[in-house]
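Peer 1: Just so we're aligned, residue 1 is where the sequence shown starts under our numbering, counting upward by one.
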Amino acid sequence: MMAHAIVGPGFVLDDWFLVRNATFDGALGVVGPDLRAARPGSLLTYVLVFGIDPRSPWASLIAQGAIFLCAVVLVQLVLQRVLGPRLAMAITTLWVLLPSHLSVETWPSAVVATASLVLLAGGVLVLLQRPTHPVWLGLACLLLAASCLTYEASIVPASAAFVLAPWWTAGRLQWRTIAAGAATLGAVALWQVLNWHSVKSVQRDLAAYDQVLQAHFGWGIVSYGWVASCFLVIGLAGVVTAAVRLTFPSFRGLGGYPERLVIGGAAVVVAGSISFSLYFYAPVGAGDRVNYVSSIGGAAVWVGIAWMLQRFWRPLGLLLLVALVAAGVWTRWDRTALWATAKSDADRILEEVQRTDPACDVVTLGPAPIQRQNVAAFLDQSNVDAAVQIALGRREVAGVITFSEAQFLKAPAECRVDIRPLSKLEPDVVVAPT
1 MMAHAIVGPG FVLDDWFLVR NATFDGALGV VGPDLRAARP GSLLTYVLVF
51 GIDPRSPWAS LIAQGAIFLC AVVLVQLVLQ RVLGPRLAMA ITTLWVLLPS
101 HLSVETWPSA VVATASLVLL AGGVLVLLQR PTHPVWLGLA CLLLAASCLT
151 YEASIVPASA AFVLAPWWTA GRLQWRTIAA GAATLGAVAL WQVLNWHSVK
201 SVQRDLAAYD QVLQAHFGWG IVSYGWVASC FLVIGLAGVV TAAVRLTFPS
251 FRGLGGYPER LVIGGAAVVV AGSISFSLYF YAPVGAGDRV NYVSSIGGAA
301 VWVGIAWMLQ RFWRPLGLLL LVALVAAGVW TRWDRTALWA TAKSDADRIL
351 EEVQRTDPAC DVVTLGPAPI QRQNVAAFLD QSNVDAAVQI ALGRREVAGV
401 ITFSEAQFLK APAECRVDIR PLSKLEPDVV VAPT
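1. What separation, rounded to the nearest whole angstrom, lies between the Cα atoms of Gln214 and Val75?
2. Under the rule that 16 or more other beta-carbon atoms within 10 Å means buried, what is Glu435, buried or exposed?
3. Measuring CB to CB, does Ser294 end up less than 8 angstroms from Gly264?
4. Report yes if the C-beta of Ala115 is less than 7 angstroms from at least one heavy atom of the ligand ZN; otherwise report no.
5. Assuming Ser116 and Thr150 form a contact by the criterion Cβ under 8 angstroms, report the distance between their Cβ atoms to the nearest whole angstrom.
6. Within the same chain, show all residues whose beta-carbon is closer than 8 angstroms to that of Ser229, passing over the 5 residues directly before and after it, in chain order.
7. Mapping the DSSP letters down to three states, classify Arg372 as helix, strand or coil.
8. So for Arg176, helix, strand or coil by DSSP?
9. Looking only at its chain, what residues have a beta carbon closer than 7 angstroms to the beta carbon of Ala113, apart from the 5 residues adjacent to it on each side?
10. Mapping the DSSP letters down to three states, classify Thr132 as helix, strand or coil.
11. In the DSSP output, what is Thr114 paired with across the bridge?
12. Please classify Trp226: is it buried, with 16 or more other beta-carbons within 10 angstroms of its beta-carbon, or exposed?
13. Taking the C-alpha atoms as reference points, what is the distance between Leu232 and Met308?
14. Can you give the beta carbon distance from Leu379 to Val431, rounded, assuming they're within the 8 angstroms contact cut?
15. Using the Cα positions of Trp302 and Gly65, report the straight-line distance between them to the nearest angstrom.
16. Checking contacts by CB at 8 angstroms: is Phe50 closer than that to chain D?
17. Enumerate in chain order the residues of its own chain whose CB-to-CB distance from Val329 is below 7 angstroms, with the five nearest sequence positions on each side excluded.
18. Where does Lys410 land, buried or exposed, given buried means 16+ other C-beta within 10 angstroms?
19. What number of angstroms, rounded off, separates the C-alpha of Ile274 from the C-alpha of Val156?
20. Indicate the three-state DSSP secondary structure (helix, strand or coil) for Ile419 in the structure shown.
21. According to DSSP, is Val163 helix, strand or coil?
22. Using beta-carbon positions only, say whether Val19 and Ile296 come within less than 8 angstroms of one another.
23. Pop quiz: Leu139 and Leu119 are said to be a contact at Cβ under 8 angstroms. What is the actual Cβ separation, rounded to whole angstroms?
24. Is the beta carbon of Leu43 sitting closer than 8 angstroms to the one on Val31?
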């Protein structure tokens, strides 16, 4: 979060929708009734981040940073309870440093994922204490239900928590806890189905899900071509080696705690990402919010692989982690700069919007959105409409973004803004309408 404070906070993409609502409708109007029903926990989260001072990016950054810090502390406590202090600290530190989940730190709209993680980690921590005591079990059910109702992708790791956390504590399955979890999450799932938000259209395309490997072992953590490929090979080789050593009888003598950590981390990667399998976002830029849980598993895999390498030569594991952190932190800084550029672009564009003819009922931005590594100032109708209303201080004005030169030129000259000279992002993709 410090890097984001240094380069400066700001608003982009869906932030404008939330800023507009909080500005014109008050803090409790920050989300509409559809989203409030689909994700009840989002209301409190967005009130904290956007409702206190809607027009101040600094207020949003401070609130978002506080929620992320809570997540870090709770994740550390959970890992410490399961793995001990040294391993827990190594995994948490690596998770914080790697840029596989950067949007939940720098993009205020993604804060619901972090809030969901806070509640998820809190629920797991309770289950690791006294999972069968009625009061503690009730608290765990409340926290894990709230996690899923803040960001629905938590339902798979929450389900696993009701089974595995008490098992870890007591050494056997706790059927009372499993039954309570099934009832709780069954009710949550029913609520989500009955209140499904229209924006969550399932693509039914599993092809993109293979990017989960890149997200945690390749270009999701390191941007640079052959370096990312090397880390991907090392990561996949480590997971396969650990699986072979733990699965096949002839290799079981070679397997131990490091291999179990690798496989356990890989299981967290799957549990944290499987909910996105039918609408998997490219896990970079605004899309890397899909890694809000799975990135913890990715960090655990890397620590486990480094531990495995120490068997061959003690400094080898440390060298791997040092190289990974160095490349990851460099990538983190580059991507932080991208977010900062997009936020500055948005400010310049809205300054130009304020210079359009006051008689315009519709202000058009174009000729097309400018996006790099899944980061942009504006991308679709909802965020442009809201941003234009904020810039002009009028709810009745509309904002539009076009996707071609011809479409852009159809708008009156006095009511359109060419974003090309105002943007410092270098586009790496041609954006099509969504």
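Just so you know, even glycine gets a beta-carbon here, dropped at the ideal spot from N, CA and C.
Peer 2: Result, derived from the coordinates:
1. Each residue's Cα considered, the two are about 23 angstroms apart.
2. Examination of residue 435 is not possible in this model, given that the chain is present from 1 through 434 alone.
3. Taking 8 angstroms as the Cβ cut-off, Ser294 and Gly264 do not qualify as a contacting pair.
4. Ligands in the displayed structure: none, and consequently the ligand ZN is not present.
5. Sure, about 4 angstroms apart at Cβ, within 8 angstroms.
6. Same-chain partners within the cutoff: Gly218.
7. Of the three classes helix, strand and coil, the one that applies to Arg372 here is strand, per DSSP.
8. The three-state reading of DSSP puts Arg176 in helix, counting H, G and I together.
9. Scanning its chain for C-beta atoms nearer than 7 angstroms, with the 5 sequence neighbours on each side dropped, one finds around Ala113 the residues Val104, Tyr151, Arg289, Tyr292, in chain order.
10. In this structure, Thr132 counts as coil in the three-state DSSP scheme.
11. Its beta-bridge partners do not exist; DSSP assigns none.
12. Exposed is the label assigned to Trp226, since fewer than 16 other Cβ atoms lie within 10 Å of its Cβ.
13. If you take the alpha carbons of Leu232 and Met308, they lie about 17 angstroms apart.
14. Distance from Leu379 to Val431 at the Cβ level is roughly 7 angstroms; contact confirmed, criterion being Cβ atoms closer than 8 angstroms.
15. When the Cα atoms are used, Trp302 and Gly65 turn out to be separated by approximately 25 angstroms.
16. In the displayed structure, chain D is absent; only one protein chain is listed.
17. Around Val329: Leu97.
18. Lys410 comes out exposed.
19. Their backbone Cα atoms lie some 8 angstroms apart in a straight line.
20. Coil.
21. DSSP places Val163 in helix when its eight states are reduced to three.
22. Contact annotation: Val19 and Ile296 have beta-carbon atoms that are not nearer than 8 angstroms.
23. With a Cβ gap of about 11 angstroms, Leu139 and Leu119 do not count as contacting.
24. A contact, by the Cβ cut-off of 8 angstroms.
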